[in-house]
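Sequential numbering of the sequence shown, starting at 1, is according to my numbering. Virtual Cβ for every residue (Gly too), placed ideally from N, Cα, C.
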Amino acid sequence: MLKAYVSTLYRLMQQDQNVYSLLSDSGTEYDTLLAREFPDRCFNFGIAEENKVGAASGMAAIGKIPFIQTSGAFLAYRSYEFIRNDICIQQRNVKIVGSGSGLSIPALGPSHHCTEDIAALRVIPNLLLLSPASPKEMEQCVEAAYQYHGPVYIRAGMTGEPEIYDEGYQFQIGTPTILKDGSDATLFVTGSIAANAVKAAESLRADHISLRVVNISTLSNIDLEKIAYYIQNKVVFSLEEHSIVGGLGGILSEVIADLGLRVKLVRIGLYNQFASGYGSYEEVREKNHLGVNHICSMVQSELSK
């Protein structure tokens with residue numbers, strides 16, 4: 001997704017002189033590309049994320065459109081107060097991209113995981129929170145963030161996420177999308193793990209289970225009715241690389257409670273714990289019960305009751 005972000009930002013910087021890139025020692029080839037092409041609009045703040053967020057607020061105050069990008073753990077957690085006070089209270093037109101969403105920095109452990117960021121960020125007023133599932137959706141989320149006037153936070157994976165959308169896909173803020181249709185149960189998902197949700201649905205068909213998979217990529221300013229439209233079964237599931245407290249599972253719990261829906265919600269994610277283990281992305285997912293086989297087992301177990 002990082003490549004999708006940078007390629008889209010590159011195009012935006014070409015067409016709009018007010019778009020700026022703010023980095024923090026990311027050290028990638030993409031950083032070098034942007035700095036070479038737009039030396040007057042690329043700033044490396046080093047490991048000083050709070051200062052970077054504050055500076056972005058100042059840039060936005062004079063009409064610039066700064067895009068901040070670095071590890072989500074250093075933005076959503078370390079810079080939380082600055083996002084809240086300098087950007088959201090002031091309603092600055094700043095775009096924040098936290099890379100490494102969920103477990104997508106698998107080799108560095110829980111200090112670099114973003115498994116509580118949805119819960120922390122979605123309660124901040126004025127902040128639009130987006131969680132794309134694939135490179136194509138990432139591109140369109142960045143474009144939508146540019147068009148949207150106000151604070152935006154985008155959660156971005158960074159481990160070569162597969163594409164799950166076709167060429168005709170069109171992202172719309174606040175609109176869920178069906179990745180797989182089905183009639184026995186609905187599984188709601190957000191972020192990079194959507195690809196595993198699709199694989200699980202395909203695997204379950206062999207067991208004659210028809211699972212609908214719905215991607216929720218807008219996690220704030222929730223339209224209750226749009227989500228409730230897909231809650232048509234006696235049991236629904238949520239899947240996320242995040243704590244089930246306050247994340248997508250929390251959002252669905254609120255929708256069900258607020259609308260008085262008679263449905264059981266089974267939340268698949270981290271249960272009051274930090275993720276454990278190191279290794280490849282899929283290895284860490286498996287160790288934390290977020291692999292395809294575990295998703296299938298959870299659905300099969302619940303539907304057999």
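- Contact annotation: the region 166 to 181 touches the region 124 to 140, with at least three C-beta pairs closer than 8 Å.
- Annotated as distal: I222 and I193, with beta-carbon spacing of 9 Å or more.
- One thing to note: F45 has its Cβ no nearer than 9 Å to the Cβ of L75.
- For E225, the enclosing alpha helix (DSSP H) covers residues 224 to 228.
- Nearest in C-alpha terms to K226, of all of K264, P106, I178, is I178.
- Counted as a single uninterrupted DSSP element, the beta strand (DSSP E) harbouring P66 occupies residues 65 to 71.
- About 5 Å separates the CB atoms of L187 and V213; that is less than 8 Å, so the two are in contact.
- Among the bridge pairs identified by DSSP, K264 is matched with V235.
- By the C-beta criterion, the region 196 to 209 is judged not to be in contact with the region 137 to 147, since fewer than 3 inter-stretch pairs fall below 8 Å.
- The beta-carbon separation of I209 and L303, rounded to 6 Å, stays under the 8 Å limit for a contact.
- Scanning its chain for C-beta atoms nearer than 7 Å, with the 5 sequence neighbours on each side dropped, one finds around D25 the residues N44, G46, I47, in chain order.
- In the DSSP assignment, Y20 forms a beta bridge with P66.
- Here V255 is buried. Its C-beta has 16 or more other C-beta atoms within 10 Å.
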